[in-house]
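Residue numbers (numbering that gives the first Met the number 0), protein chains in the order written: chain S, 0 to 237; chain V, 0 to 237; chain W, 0 to 237; chain D, 0 to 237; chain C, 0 to 237; chain L, 0 to 237.
See structure below.
Protein chains: 6
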Amino acid sequence: MTACSPETIQLLKRVPTAAITGILLKKYGLRMRAIPGIGPIDPAHCRFVGPAFTLRYVPMREDIALTVDIGNPANAMLQATQQIPAGSVFVMDMCGVGAVGGLGDVLTTRMKVRGVVGVVADGGMRDVSEIRALGMPTFCKGPAAPASPSALIPMAIQQPIGCGGVLVFPGDIIVGDEDGVAVIPAHLAAEVAQMGVDKEALDGWVRDRVAEGGDILGLYPPNEANLAKFEAWKAMQG
Amino acid sequence: MTACSPETIQLLKRVPTAAITGILLKKYGLRMRAIPGIGPIDPAHCRFVGPAFTLRYVPMREDIALTVDIGNPANAMLQATQQIPAGSVFVMDMCGVGAVGGLGDVLTTRMKVRGVVGVVADGGMRDVSEIRALGMPTFCKGPAAPASPSALIPMAIQQPIGCGGVLVFPGDIIVGDEDGVAVIPAHLAAEVAQMGVDKEALDGWVRDRVAEGGDILGLYPPNEANLAKFEAWKAMQG
Amino acid sequence: MTACSPETIQLLKRVPTAAITGILLKKYGLRMRAIPGIGPIDPAHCRFVGPAFTLRYVPMREDIALTVDIGNPANAMLQATQQIPAGSVFVMDMCGVGAVGGLGDVLTTRMKVRGVVGVVADGGMRDVSEIRALGMPTFCKGPAAPASPSALIPMAIQQPIGCGGVLVFPGDIIVGDEDGVAVIPAHLAAEVAQMGVDKEALDGWVRDRVAEGGDILGLYPPNEANLAKFEAWKAMQG
Amino acid sequence: MTACSPETIQLLKRVPTAAITGILLKKYGLRMRAIPGIGPIDPAHCRFVGPAFTLRYVPMREDIALTVDIGNPANAMLQATQQIPAGSVFVMDMCGVGAVGGLGDVLTTRMKVRGVVGVVADGGMRDVSEIRALGMPTFCKGPAAPASPSALIPMAIQQPIGCGGVLVFPGDIIVGDEDGVAVIPAHLAAEVAQMGVDKEALDGWVRDRVAEGGDILGLYPPNEANLAKFEAWKAMQG
Amino acid sequence: MTACSPETIQLLKRVPTAAITGILLKKYGLRMRAIPGIGPIDPAHCRFVGPAFTLRYVPMREDIALTVDIGNPANAMLQATQQIPAGSVFVMDMCGVGAVGGLGDVLTTRMKVRGVVGVVADGGMRDVSEIRALGMPTFCKGPAAPASPSALIPMAIQQPIGCGGVLVFPGDIIVGDEDGVAVIPAHLAAEVAQMGVDKEALDGWVRDRVAEGGDILGLYPPNEANLAKFEAWKAMQG
Amino acid sequence: MTACSPETIQLLKRVPTAAITGILLKKYGLRMRAIPGIGPIDPAHCRFVGPAFTLRYVPMREDIALTVDIGNPANAMLQATQQIPAGSVFVMDMCGVGAVGGLGDVLTTRMKVRGVVGVVADGGMRDVSEIRALGMPTFCKGPAAPASPSALIPMAIQQPIGCGGVLVFPGDIIVGDEDGVAVIPAHLAAEVAQMGVDKEALDGWVRDRVAEGGDILGLYPPNEANLAKFEAWKAMQG
């Protein structure tokens, strides 16, 4: 697992997930690196960048669900609350079950105290009005009142997981914004960040030209003449 | 059907659905008593508590759908609008069909006039901007312009129904909030209400301790030492 | 394809999709003319009326997706951006794929420049915060960061398409509001518009009577006595 | 409920479901009268015709599921086994749950003893190898080992139900064959039967002409010249 | 569209779809070239190879479905029955609708008369027992009694289509066997055929070695030593 | 993990999954211990009993899928082929992906050589005609030509997994028959086996009485009088 530098994290805060997924496809051939089927609890607070800390749930069995108490030191969720580093994004494989909540207000509060910057799950969340009040950016399938033992058991932390059909390794860089959640392989993050910042500048310039009435042909993607104009414009901006 | 006292209704207004579903599972072994796959038309007005008054739809047949007019005294929806008592939650089994609307502005107005406190359906709703303006808390699969005869026929009132895969008896206590809709068997409502109020106080105290930096281990769930601290705190509050 | 007059467009702005779908069913036997499973990016800006300009996507193949560049004159999306007339609603058959975005900020800007009044797709959209800022009414399955080449290829414009299981011919009149999107066959639009305006007046009057405490029976639908009262009231309004 | 004569039942045994659904659409405007998503346990024994006897399941609740014993006289399934008349098709609304079995070997044996001619459910079946050995024509979503109390409770008999999204009234005529299960409204059965027998003769003749190399145009559907040839052929057959 | 030689068609009859999809992925980066969610009507007769002749359905509209008669020369299905060349595989985009049948006995008979070698659709088929009797290899979602006008309208022939989420161009080579249906881009077919025949020989040799007790490691995939043994064995076979 | 004795395995071969799931629910409160949504490749060879050996797949990433070769000693599938003990049932968590095959002919041959008695996956299988010829009892979602790297990567062996939403621990006893696949927690297997054999005897006797015309009431479940008759009958059998 390649650690991602603070500079890369900062750069990625300026790059939308739409740009990131485009770079991952065109440059690296990674086709679907956004998690489908989930959305933010609070669209006004849905932006974050950080390395993934993963938790894997498995389907419950009635005789285990109620006894695998989070008060048990072996409980994987408890371990997550004890070990997750500040700056992390907490990513849960909830087996796609939206009918129960992976985190509620107490555990989200704990994650906030530990400095977690975002939460992502392919399942539900409970106490969503409190989560919204805490200001924790959280992506999930939607609100769900029942606690996770109704359907799931936390099994292990820091394993590679699938979240909404997307592979997430511990340490992958997770980016959230209004368009959803993108997953960047850790070893590509620095390069994607730099390319992303450049692409955002170009895209913004193209958007402005199109807003002025410019034809899509030649602008999107830009031909050489327009690329030259963009470079000139960029040079003028300093 | 055990009637639920006004005191129980009042107590339950202080208990979130997240706590209710937890009690139903841990105390009574009732695992999934929240209706999945639906959400509020207006998240700012989604709280209610009341006994269920049920309507059962069946799939339409073209020659019946247009003639089973709501103007016909035998129409089950008409019967509902005539018989539903004030304080009720109107719960509809729409066979999971989200593409049509179970209620629109006229019938929701009627329900409001009759004192209905909430509406729940595993299907769509139409005239949602008017429903929002009326302030009627309504949970459904989402907006849908077509009226129900496009796909469904109202067949009977006050039968046991499935709503989103959850059994609802007439008289069951239905609770709505930001996390969704919980269904409490009528005969358990009083006990659940009392346990819920107690659990909310404890959970709030735990949340505050965790927010102060307390470890999850020993707090959630609380061990004996922390339970004693909570009891002392509660005694101090009066 | 019958062109729809500006007067019809203006009339339809006063008719909700709930009324339109009702008329299409009861008068013409057209049962499901609303597109299910999609919603507005911005519920505060979701109203529009205009003729459909259609684009058909097909599933991608890896060797084509990246080379069928929008910069290629034969690209169907490019053709749409060059040819779509002002006042149109841009309707895309995205094969129901919500995991990628059919339009982003650049193309939506272009559509705005061309005078497009609304966008409808049975797939995702990217750059949704920019789309919201542009004020373009857009219905889709939700936000999706990946661009369409991750899963789809634009194949042709102005063909009859299916969008969310609903047939849309180029020139059909598309109406959007809080309840969703309705599709009116072009040759019926003028008649539906007139009937819709009349029905809205009646429905509003019925709603007011029900709000005053009137019984549903005899009002909804109105019997002859109530219809006479409505006509008298309408005459008084001038 | 209009009873269906034995003659009609006999005629319908010669009419495939493909012809029946075609007549219901073209003659009566009933669009989807076949139950989708189910298949026969034994394709070699899937043909039957008879009036529907219905059972309605609702979702289980853990405290009821195990106590609503079939040994209880109030149990709806027990009532079905006591009351269903010989010649009936037993149709169950299983809420679309394929993960549990609606009938097993004991109850299917009982149904056979009572003279039931077919079983249809929008859920699973258990003991399917025994059901196959008993020779009871049975359509369902597939095999499922768990008994119905794992997910469902039998609630009532002889109510109108939805089965796979298709409305079934008690007494509707249910027809099964290799193409699936069709539902004929009781009052139309006699007419559909007669039209079906005629249509089958015509279709067979058309098929033979096409097999000889005849063009589809003019044969399918037949034009007047070909209809005359068919009538002449039919007259020759006696 | 590159025409595919008879020699390539012959070679491909010896190559299973499992090998074809593997070559398309490893050699050309084409990831999912098999149509998911469909199966053969008769597993004993499911093998075919031929170029695609495509038909595109769109969702029905009630006023069109019954009037767009196959007896109308403009009907796309009629055109298909008149124009499809011998040796073709008839591939239908049925919008994924399994509840209706794309072909029945008459049209399948016609296809057989014209020399069609296989039928593939992402929807249902009717008259399946007759189709089985005709011996026409047919892949679909399963039997469905209603004819296609219940839900679909044939719109156009020989357009690029999506079938079960897989892009199919007219002329692509379609291969069916017990594992399903693979779609080979026309211009790659000759190369895939040759590679496939070679791979089949190798895989058979590997399978025999594993059956004798050989370790997977070094055999699957074969290392150089084992490749040399295979080449020696192949040389001995002549 | 409690090892299961050979005697228990032998006993369980006489107990159908329908009986096993009933015992798990009624005796232990374990509600859904059968894997839904899968079926046998060959219904004539679908019976097996053995302890689970598990493999966990995760979603693929394009840059890993092709390089994580099964020829790499770290590959989890390779490890499975080297380590799985004779008598095991090989259970794969394929993330529910039916569009690719978890095993093909070579690996199934290897499993057969190692003495594996059954294969279960919540995904597809390839080379199904060869698997059928090998006589390996295999449950899956159906045939799928593409190899697993098209969508999945084998990640780990012998972890607890979810398979079709059912928790499976390594060592759990897996039983397959015509009704599907049941999962028995290892520590309950001996008791379930004994109860199952007893229950089968009783159920057979009940079935015979019902076949003779006995009423369900009193027989199913049997009342005391009938239980006494059964015991007498059993004593007579020796």
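The beta-carbon is built from N, C-alpha and C at its ideal position, and this holds for glycine as well.
Small disclaimer: the values here were computed from a predicted structure and weren't measured.
- A Cβ-Cβ distance of about 12 angstroms is found for the pair S/Phe89 and S/Ala75, leaving them out of contact under the 8 angstroms criterion.
- For the set W/Asp207, W/Glu211 and W/Leu201, the Cα lying nearest the Cα of W/Glu223 is the one of W/Leu201.
- Counting other Cβ atoms within 10 Å of its Cβ, D/Leu10 reaches 16 or more and is therefore classed as buried.
- For chain C, none of the residues of the region 134–148 of chain D brings a beta carbon within less than 9 angstroms of one of its beta carbons.
- Residue pairing from DSSP leaves L/Asp41 without any beta-bridge partner.
- Bridge pairing for C/Gly179: C/Asp176 [DSSP].
- Comparing alpha-carbon positions, the option among D/Ile63, D/Thr108, D/Arg131 and D/Val14 lying closest to V/His186 turns out to be D/Ile63.
- Considering only V/Gly28, V/Gly170, V/Lys25 and V/Met93, the residue with the shortest C-alpha distance to V/Gly86 is V/Gly170.
- Interface flag for D/Asp126 against chain L is set, since a Cβ pair is found closer than 8 angstroms.
- Remark: C-beta atoms of S/Met93 and S/Ala120 approach each other more closely than 8 angstroms.
- In this chain, V/Met31 is not harboured by any alpha helix (DSSP H), its DSSP state being neither H nor E.
- Rounded to the nearest angstrom, the gap between the Cα atoms of S/Gly21 and W/Gly36 is 26 angstroms.
- About 51 angstroms separates the beta carbons of W/Arg30 and C/Glu199, which is beyond the 8 angstroms limit, so they are not a contact pair.
- Residues of the region 43–62 of chain S whose Cβ lies closer than 8 angstroms to any Cβ of chain L, in chain order: Val57, Pro58, Met59, Arg60, Glu61 and Asp62.
- Closer than 7 angstroms at the C-beta level to chain W, one finds these residues of the region 161–174 of chain C: Gly161, Gly164, Val165 and Leu166.
- Between the region 39–50 of chain V and the region 135–144 of chain V there are three or more inter-stretch CB-CB distances shorter than 8 angstroms, so the stretches are counted as touching.
- DSSP places L/Ala51 outside any alpha helix (DSSP H); the residue lies instead in the beta strand (DSSP E), whose first and last residues are Phe47 to Pro58.
- Excluding sequence positions up to five before and after V/Gly163, its CB lies within less than 8 angstroms of the CB of Ile34, Pro35, Gly36, Ile37, Gly95 and Asp121, all in the same chain and listed in chain order.
- Put simply, the CB of S/Arg30 is near chain W, with a gap under 8 angstroms to one of its CB atoms.
- Annotation: the continuous beta strand (DSSP E) that includes S/Gly161 extends over Ile160 to Cys162.
- Restricting attention to S/Pro220, S/Leu24, S/Tyr27 and S/Arg46, the CA atom closest to the CA of S/Ile8 is found in S/Arg46.
- DSSP lists no beta-bridge partner residue for V/Val115.
- Between the alpha carbons of V/Glu190 and S/Ser149 lies a gap of roughly 21 angstroms.
- Identification of residues in the region 67–98 of chain S having a C-beta nearer than 8 angstroms to some C-beta of chain V yields Asp68, Ile69, Gly70, Pro72, Leu77, Thr80, Gln81, Gly97 and Ala98, given in sequence order.
- Judged by DSSP secondary structure, V/Ile8 falls outside any beta strand (DSSP E) and instead within the alpha helix (DSSP H) spanning Pro5 to Leu11.
- Annotation for L/Leu151: the continuous beta strand (DSSP E) segment containing it runs Leu151 to Ile156.
- Taking the beta carbon of D/Pro159 as reference, the chain V residues within 8 angstroms of it are Val57 and Met154, listed in sequence order.
- Remark: C-beta atoms of L/Val205 and L/Leu218 approach each other more closely than 8 angstroms.
- Ranked by Cα distance from S/Val174, the first of S/Ala51, S/Pro142 and S/Gly141 is S/Ala51.
- Inter-residue distance for V/Asp178 and V/Pro142 is about 19 angstroms (C-alpha atoms, whole angstroms).
- Residue state for S/Phe168 is assigned as coil, using DSSP reduced to three classes.
- For V/Asp121, no pairing in a beta bridge is given by DSSP.
- The contact set of D/Arg206 on chain C, defined by CB atoms closer than 7 angstroms, consists of Asp104, Val105 and Thr108 in chain order.
- By the rule that beta-carbons nearer than 8 angstroms mark a contact, C/Val209 does not touch chain D.
- From the beta-carbon of V/Tyr27, no residue of chain S is found nearer than 7 angstroms; the closest lies around 12 angstroms away.
- Contact annotation for D/Val191 against chain L: no contact, minimum CB-CB distance about 34 angstroms [criterion: below 8 angstroms].
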